[in-house]
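In my numbering, the protein residues as written are -10 to 141.
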C-alpha cells in the first residue's frame, strides 16, 4: 500500500479543521472530521502518500479570506495543511486531463463544479485517488478513483 497516492478534497479538509476546533462529540461535523483524521493517520503510518492539491489549497484560502474571522481561519488552514505534501497543478498533464474530462462530461450531459473538475483533473493526472465526502459529484468522472473517509 506504500505506493498509493491519495489527494484530499476540500470538503475532507474542512471536516478535519472542524474536528480540530472546539467541538462536541456527537456533533455530526465533528464526528466526520474525527473519522477522517483517524483514516489519514492510519494511512500515513503505513507509508501511504496523503497529499493536497494546489487547487484545494486555493479553495481553502478563499474560504479563510471571506470568513468572519479571516486571521483565525487562515491559521486553521495552515495548521491542517502542515503535515501534508502539497502538489502543484502541473502545467502539462493536468490541463490535458481537464480537457478530456470536461469533454466527456459535456458529451454525456453530466456536470460537476468548476473547482471539482480541476481537482479531478489533478487527481487523474498524478494517478491518485480522491478522498471526498462528495462521492456523487466525483463519480461522474469516468475512471476516477474516489473514497470517503468520513465513514468510520
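Here a beta-carbon is modelled for each residue, glycine too, at the ideal position from N, C-alpha and C.
Bridge partners - residue i, DSSP secondary structure assignment
| i | result |
| --- | --- |
| residue -3 | 41 and 120 |
| residue 74 | 40 |
| residue 134 | 118 |
Sub-8 Å separation of residue i and residue j beta-carbons
| i | j | result |
| --- | --- | --- |
| residue 42 | residue -5 | no |
| residue 110 | residue 87 | yes |
| residue 66 | residue 53 | yes |
| residue 50 | residue -1 | no |
Alpha-carbon to alpha-carbon, residue j and residue i
| i | j | result |
| --- | --- | --- |
| residue 139 | residue 118 | 15 Å |
| residue 20 | residue 132 | 30 Å |
| residue 1 | residue 29 | 10 Å |
| residue 6 | residue 74 | 17 Å |
| residue 4 | residue -3 | 11 Å |
| residue 134 | residue 128 | 8 Å |
| residue 114 | residue 70 | 21 Å |
| residue 18 | residue 99 | 29 Å |
| residue 58 | residue 96 | 42 Å |
| residue 45 | residue 101 | 15 Å |
| residue 142 | residue 112 | Since the first residue of the chain shown is -10 and the last is 141, residue 142 is not available in this structure. |
Nonlocal neighbours in the same chain, by C-beta distance under 8 Å from residue i, ignoring five residues either side
| i | result |
| --- | --- |
| residue 33 | 39 and 72 |
Beta-carbon proximity list for residue i, same chain, < 7 Å, skipping 5 on both sides
| i | result |
| --- | --- |
| residue 23 | 8 |
| residue 136 | 118 and 120 |
| residue 91 | 106 |
Cβ-based neighbour list, residue i, same chain, cut-off 6 Å, excluding 5 preceding and 5 following
| i | result |
| --- | --- |
| residue -9 | Residue placement at residue -9 cannot be trusted, given a pLDDT of 49 that sits under 50; what the coordinates show is reported in the next sentence. Result list for residue -9: 36, in chain order. |
| residue -7 | 37 |
| residue 124 | 135 and 137 |
| residue 82 | 114 |
| residue 122 | 0, 137 and 139 |
Cβ of residue i within 8 Å of any chain C Cβ
| i | result |
| --- | --- |
| residue 109 | In the displayed structure, chain C is absent; only one protein chain is listed. |
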